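Written out below as structure tokens is the structure these notes cover.
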Amino acid sequence: MQKTENPIKQTQLANHCPECFSQDTLELSFYQRNFKNILWNYTSNQIFSELRCNKCQTIIYPIRWTKEIELVHDFYLKTVVAKKNIRLYKLGYVALFLTLSALTSVLYLLLLQK
Numbered sequence: 768m769q770k771t772e773n774p775i776k777q778t779q780l781a782n783h784c785p786e787c788f789s790q791d792t793l794e795l796s797f798y799q800r801n802f803k804n805i806l807w808n809y810t811s812n813q814i815f816s817e818l819r820c821n822k823c824q825t826i827i828y829p830i831r832w833t834k835e836i837e838l839v840h841d842f843y844l845k846t847v848v849a850k851k852n853i854r855l856y857k858l859g860y861v862a863l864f865l866t867l868s869a870l871t872s873v874l875y876l877l878l879l880q881k
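Below you can see the structure in the form of structure tokens.
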């Protein structure tokens, strides 16, 4: 199973970086996880965020966030909409059809015995 993270929204923040104290270099990104295998493509409804400074090239973890950064993060988190999606491939439809037909035939045989 292949996992990828698709970017939903990226925005530049005007806050100071807690590491290098430069202004207007923070980039807030929101991601949604995507799972692919041979049968289906599934996008979860969980949203992940990452705060990165473009000047010092570091990821700023939530433990280092200031109150202003937390407020801005919460504001942008409310604007992001997670779209849950499941898409079956042809092999997935075939597997689903065979499973359902096997279940119905077993139930039919059990009902005939009674």
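With the first letter of the sequence shown counted as 1, position 80 gets the number 847 in my numbering; the numbers rise by one all the way through.
Every residue gets a Cβ at the ideal spot worked out from N, C-alpha and C, and that includes glycine.
As the structure is a prediction and not an experimental result, all values here were calculated from the model.
- Beta bridge pairing from DSSP links N773 with Q799.
- Taking a 10 Å sphere around the C-beta of I827, we find 16 or more other C-beta atoms and assign the residue as buried.
- Cβ-Cβ distances below 6 Å link R819 to E794 and I826 in the same chain, with the five nearest sequence neighbours on each side left out; the list follows chain order.
- In this structure Q790 is exposed. Its beta-carbon is surrounded by fewer than 16 other beta-carbon atoms within 10 angstroms.
- Burial state of N773 is exposed, judged by a 10 Å Cβ sphere holding fewer than 16 other Cβ atoms.
- The secondary-structure analysis by DSSP pairs T825 across a beta bridge with C820.
- Counting along the chain, I836 sits inside the alpha helix (DSSP H) bounded by residues K834 to T846.
- When secondary structure is reduced to three states using DSSP, F788 falls in the coil class, being assigned neither helix nor strand.
- By the Cβ neighbour-count rule, L865 is exposed, with fewer than 16 other Cβ atoms within 10 Å of its own.
- Counted as a single uninterrupted DSSP element, the alpha helix (DSSP H) harbouring L863 occupies residues K857 to Q880.
- The criterion of a C-beta distance shorter than 8 Å is satisfied by I853 and Y809.
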